[in-house]
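Just so we're aligned, residue 320 is where the sequence shown starts under the working numbering, counting upward by one.
Glycine included, every Cβ here is placed at the ideal spot set by N, Cα and C.
Notes for the one structure printed next.
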Amino acid sequence: MYLSKTRNSIYNTIIKEMKKITSILFGITLTISFGINAQNKEQGEKENAEITANKIANEIAECLHLSDAQKERVKIIELGIIEKKEGIKNSAEYSQEEKEKYFIRINRRRIEMINSILDPKQKELDCNLK
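Pasting the structure below:
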């Protein structure tokens, strides 16, 4: 009977330790999966920004008959603008009103930058660069 109690005590101790190990492994697994998920989300956002910038650059290039070099510069401008807007949009330090003012300024600056790479004939074309 004494041996039986000792054996049960050992089994209970082993079970408790196994539960602890299982909990630790589960916690590590969750931590790793959240880290991977965050990296994938960040990568996806970057890819989406590049796709959007490329799409906008293609539309502007078609309308204004841009050269390949001009189109590449527009794409770089658009990518920078998209990333800047995302940063402001996700920032908690600005009120909604301040964000809207920043977006207006950013859009004005975007138009200025695009106009700076256009030749006079392209500037005369009626393309809406909003």
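Residue i classed as buried or exposed, judged by whether at least 16 other C-beta atoms fall within 10 angstroms
i	result
ARG424	exposed
GLN415	exposed
ILE334	exposed
GLU397	buried
ILE340	exposed
ILE433	buried
ALA372	buried
LEU444	exposed
LEU385	buried
ALA376	buried
LYS394	buried
ARG427	exposed
LEU349	exposed
ILE379	buried
Endpoints, alpha helix (DSSP H) assigned at residue i
i	result
ALA388	387-408
SER435	415-435
Under the three-state DSSP convention, the category residue i falls into
i	result
ASN447	coil
GLU336	helix
ALA411	coil
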